[in-house]
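K.L.:
Here you go, one structure.
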Amino acid sequence: MSKPFDYSKWDNIELSDDEDDVHPNIDKESWFRLKHRSRVEREDREDKDKKKIEDEMAKANLRIKEINKILSKASATNGDDSDSDDDLEDLDGLRSELKALQNANTDNLAKLDHYEKNKKWNVDNMCHVVEERTIVNENVSNNKFSEGGYALPKEAGPNATAKEDSPLKEESTKAKSSVKDVAVPTEKMSGATIDDGDKKKIAIAKTSSTTVTSSKTHRPPQLQPQPDTTTSVSVSMLSYHEFTQKYADVVEQFMGMESMDRSKEFLLLKGDILLQENASNYLLLASLEDEMNGFHEKMKLVARQSQIISSIAELAKTLKLHPGNVIHPFFQRMENKDLYAGFIAGVNDFIKRIEIRAVQKRKEMDEERAKEIREHGPGAEGTIDVSEIPREQRLGPGGLDPMEVFESLPESMQEAFESREKEQLEAALRAMKPEEMEYHMKRCIDSGLWNA
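Count the sequence shown with the working numbering and you get residues 3 to 454, in order.
Pasting the structure below:
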């Protein structure tokens with residue numbers, strides 16, 4: 003049976019910062035330094051003593067070999083009667099010296115064993131480095147994420163960026179500059195709900211009020227499914243226009259999800275599409291458009307969904323992970339009331355900035371329209387004559403011609419559309435019977451005069 007391993011040598015481990023033997027009147031730090039210095043000095047003395055013993059044993063072993071060699075030669079000539087008495091005396095002296103050296107080696111070995119057996123273990127001598135090497139990752143300096151925290155495409159290398167349509171890039175950059183300081187879910191958060199402030203609409207001067215219609219919207223139209231011609235291209239390499247053509251329906255579906263659990267499941271299923279910078283820009287522009295069109299409640303939901311995407315991207319950038327690997331950690335954090343409250347606070351801040359940007363955007367559109375009228379006049383080339391557009395191209399989503407529908411509207415509604423005053427249109431609708439109001443509004447929506 004093999005001998006079991008002896009663990010007794012680990013029973014007495016020496017610690018310089020052990021506080022058990024510190025007197026209350028002695029400074030602890032000074033006592034620790036004193037113990038450490040004493041231990042180091044003791045170990046130095048022991049090392050010098052062991053080195054001295056080992057040198058003596060090495061010399062003794064060398065002498066023992068020489069004596070054994072001489073004695074072996076003498077024993078080979080043992081039958082020769084010519085040996086003198088002096089030679090015999092020398093041999094006796096060598097034998098005595100050999101015995102003395104062997105006894106000295108035995109004593110020295112006992113001393114070394116004593117040192118080893120009574121050795122006090124500490125942090126410096128318990129372990130030693132067997133092998134040491136450094137491995138350098140050649141790709142450690144490569145940036146795998148964009149400035150927003152979204153994963154860069156693999157096909158084009160670390161310095162690649164997704165294509166983006168310049169007009170949309172300009173608008174999304176303006177909107178992001180207004181909301182770039184939105185909080186990431188790290189502060190106090192609880193079961194708070196999205197704040198509607200004082201439930202007031204944004205005040206806009208009547209002279210500069212403009213209703214955004216389908217011809218001015220930033221959101222791309224819902225196109226019919228087309229054959230997949232970019233299966234070999236990464237989603238992150240698509241331009242904004244290409245992305246919206248292929249995946250607008252996926253983003254729109256995510257925009258309407260009120261449940262956080264459903265949002266998590268959908269992200270796990272469609273994260274390769276939604277966790278892209280184009281998807282984030284789509285949500286940002288959609289929330290801005292909804293606010294400009296007066297759909298405040300819808301805008302709040304879209305803003306929350308937009309912040310889910312942005313927060314996951316920020317968390318992935320912080321943890322240096324792919325955004326798809328941060329979906330579970332993010333929603334686990336949302337289960338903490340304090341973290342969830344902080345996330346909602348960030349969403350509310352985002353909503354306020356969207357409201358501010360919507361006011362600014364309306365003013366910019368009104369100023370641009372007024373400038374065109376001043377420079378070119380009402381019938382200038384800058385304006386579009388709807389009558390010149392072929393009827394089949396004018397048809398709205400419901401198949402109705404907007405010109406024909408406009409001419410069939412009551413005079414009050416026509417004046418409201420021409421003035422682009424939402425309040426005037428609401429007043430005209432309130433003056434009608436419910437059946438008449440529903441009839442005209444349905445025709446407006448089907449013809450594209452009004453966005454549903």
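Note that the Cβ used here is the ideal one computed from N, Cα and C, for glycine as well.
Leaving aside the five residues before and after Leu321 along the sequence, list all residues of the same chain whose C-beta is less than 7 Å from its C-beta, in chain order.
P.N.:
Around Leu321: Val328.
K.L.:
With burial defined as no fewer than 16 other Cβ atoms inside 10 Å of the residue's Cβ, what is the status of Thr136: buried or exposed?
P.N.:
Result: exposed.
K.L.:
With a threshold of 16 other CB atoms inside 10 Å of the CB of Glu316, please say whether the residue is buried or exposed.
P.N.:
With 16 or more Cβ atoms within 10 Å of its Cβ, Glu316 is classed as buried.
K.L.:
At a cut of 8 Å, does the stretch 334-347 reach the stretch 279-299 through at least three beta carbon pairs?
P.N.:
The answer is no - the stretch 279-299 does not touch the stretch 334-347, with fewer than three Cβ pairs under 8 Å.
K.L.:
Classify Trp452 as helix, strand or coil using the three-state DSSP reduction.
P.N.:
In this structure, Trp452 counts as coil in the three-state DSSP scheme.
K.L.:
Could you tell me the alpha carbon to alpha carbon distance between His116 and Glu48, rounded to whole angstroms?
P.N.:
Looking at the two C-alpha atoms, the distance is approximately 11 Å.
K.L.:
Count the other CB atoms, across all protein chains shown, that sit within 10 Å of the CB of Ala311; report buried if there are 16 or more and exposed otherwise.
P.N.:
The residue you asked about is not Ala; residue 311 is Ile in the sequence shown. Buried, since its Cβ has 16 or more Cβ neighbours within 10 Å.
K.L.:
Measure the alpha-carbon distance for Ile375 versus Asn280 and round it to whole angstroms.
P.N.:
Cα-Cα distance, rounded: 35 Å.
K.L.:
With three or more beta-carbon pairs closer than 8 Å as the criterion, would you say the stretch 442-451 touches the stretch 400-411?
P.N.:
The stretch 442-451 is in contact with the stretch 400-411.
K.L.:
Distance, Cα to Cα, His442 vs Leu341?
P.N.:
Distance between the alpha carbons of His442 and Leu341: 47 Å.
K.L.:
Evaluate Asn350 with the Cβ neighbour count: other Cβ atoms within 10 Å of its Cβ, from every protein chain shown; 16 or more gives buried, anything less gives exposed.
P.N.:
Buried, because 16 or more other Cβ atoms sit within 10 Å of the Cβ of Asn350.
K.L.:
Helix, strand or coil: how does DSSP classify Ile391 here?
P.N.:
Ile391 falls in the coil class under three-state DSSP.
K.L.:
For Cys129, is the classification buried or exposed, using 16 other Cβ atoms within 10 angstroms of its Cβ as the cut-off for buried?
P.N.:
So Cys129 ends up on the exposed side.
K.L.:
Pick from Leu276, Glu369, Tyr242: whose alpha carbon is nearest that of Gln255?
P.N.:
Gln255 has its Cα closest to that of Leu276, out of Leu276, Glu369, Tyr242.
K.L.:
In chain order, what residues of the same chain lie with their CB nearer than 7 Å to the CB of Arg396, ignoring the 5 residues before and after it?
P.N.:
Answer for Arg396: Val388, Asp403, Pro404, Met405, listed in chain order.
K.L.:
Can you tell me which of Lys37, Ile356, Asn70 puts its alpha carbon nearest to the alpha carbon of Glu291?
P.N.:
Here the closest residue by C-alpha is Ile356.
K.L.:
Assuming Met367 and Gln307 are in contact, meaning their beta carbons sit under 8 Å apart, how far apart are those beta carbons, in whole angstroms?
P.N.:
Their Cβ separation, rounded to whole angstroms, is 26 Å, which puts Met367 and Gln307 out of contact at 8 Å.
K.L.:
Flag this pair as yes or no: are the beta carbons of Leu96 and Ile69 separated by less than 8 Å?
P.N.:
It is a contact, given that the beta carbons lie within the stated cut-off.
K.L.:
Please look up how many angstroms separate the CB atoms of Met415 and Ala430, rounded, as I've assumed it's under 8 Å.
P.N.:
Confirmed, about 5 Å.
K.L.:
Is it right to say Phe245 is buried, meaning 16 or more other beta carbons lie within 10 angstroms of its own, or is it exposed?
P.N.:
Classification of Phe245: buried, given that the 10 Å Cβ count is 16 or more.
K.L.:
My assumption, with CB atoms under 8 Å, is that Phe345 sits in contact with Ala305. Please give the rounded CB distance.
P.N.:
12 Å between Cβ atoms; not a contact.
K.L.:
Helix, strand or coil for Ile15? Go by DSSP, reduced to three states.
P.N.:
In this structure, Ile15 counts as strand in the three-state DSSP scheme.
K.L.:
Let's see if you can read the secondary structure: which residues bound the alpha helix (DSSP H) around Arg41?
P.N.:
Counting along the chain, the alpha helix (DSSP H) containing Arg41 begins and ends at 30-78.
K.L.:
Have a look at Lys30, Arg65, Asp274, Cys446 and flag the residue whose alpha-carbon is nearest the alpha-carbon of Ala418.
P.N.:
The shortest Cα separation from Ala418 among Lys30, Arg65, Asp274, Cys446 belongs to Cys446.
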